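Residue numbers (the numbering used here), protein chains in the order written: chain B, 314 to 426; chain D, 314 to 426.
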């Protein structure tokens, strides 16, 4: 048997952070714009920005600095809050993977294989 | 923020054990029949038995002994394999809850609250 799980964070009963937003913020950080970030994830700009805006509203904080203009229509970079949240979430997800695999092995390590 | 997660076990890419089956097998064990077990979970007999049969097929093992007849149309009890699986799953779920809460607190313990 294999272990499967999904994990995410909620605030006031609504999802605010998960693997999808992690990937999206990492892409914005890497690409320097929502436009390029969304393209790199085969996602529309509208969807990418919608997800980020929704998370910002639910968290009650800004995740991106957007600056207009320039040749490709402006860029975006993570706020300090977003950087902190992303760093915590990454460590959290690594810890989750390690803990879950350990717990799975300790209970289903052999005979039920 | 609050931690949310779902966990289940798969075999050959198909779900074979999770919180729903745990609850159902516990009910059969407690009630002594699929009929009473399904009623106690506000589920139809057809759905309850369908879920158990699907898990049996995917696991390649019997989870219930069914015995026909008697005043209420026969009963059912867990096989040794089902008992072992259920006991492991219960411990596993307790371990998962403990580990997940610990990992969450260690990464999101205070400031992002």
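Don't be surprised by glycine CBs; every beta carbon is placed ideally from N, CA and C. Computed from a predicted structure; not experimentally measured.
**OP:** Would you mind stating whether residue 337 of chain D and residue 350 of chain D have Cβ atoms separated by less than 8 Å?
**Re:** Against the second chain, residue 337 of chain D aligns to sequence position 24. Against the second chain, residue 350 of chain D aligns to sequence position 37. Yes, these two residues count as a Cβ contact at 8 Å.
**OP:** Below 9 Å between beta carbons is the criterion; list the residues of the segment 408-422 of chain D that meet it against any residue of chain B, in chain order.
**Re:** 408, 409, 411, 412, 413, 415, 416, 417, 419, 420 and 421
**OP:** Look up residue 381 of chain B in the DSSP assignment and say whether it is helix, strand or coil.
**Re:** Locating residue 381 of chain B in the first chain gives position 68, counting from the first residue. Correct three-state label for residue 381 of chain B: coil.
Subject >> Anticipated Cβ contact below 8 Å, residue 283 of chain D with residue 320 of chain D, distance rounded >> reply: For residue 283 of chain D there is no data in the structure shown, the boundaries of chain D being 314 and 426.
**OP:** Please name the residues in the segment 391-406 of chain B whose beta-carbon is closer than 7 Å to at least one beta-carbon of chain D, in chain order.
**Re:** 398, 401, 404 and 405
Original post:
From the beta carbon of residue 379 of chain B, is the nearest beta carbon of chain D less than 8 Å away?
Top reply: Within the first chain, residue 379 of chain B is the residue found at index 66, counting from 1. False, the Cβ-Cβ gap to chain D never drops below 8 Å.
Original post:
With a Cβ-Cβ cutoff of 8 Å, do residue 377 of chain D and residue 389 of chain D count as a contact?
Top reply: Numbered from 1 along the second chain, position 64 holds the residue referred to as residue 377 of chain D. Numbered from 1 along the second chain, position 76 holds the residue referred to as residue 389 of chain D. Closer than 8 Å, so yes.
Original post:
Nearest-angstrom Cα distance between residue 341 of chain D and residue 414 of chain D?
Top reply: Here residue 341 of chain D corresponds to residue number 28 of the second chain, with the count starting at 1. Here residue 414 of chain D corresponds to residue number 101 of the second chain, with the count starting at 1. Each residue's alpha carbon lies about 30 Å from the other.
Subject >> Closer than 8 Å to chain D by CB, residue 362 of chain B >> reply: Position 49 of the first chain, counted from the first residue, corresponds to residue 362 of chain B. No, its Cβ sits nowhere closer than 8 Å to a Cβ of chain D.
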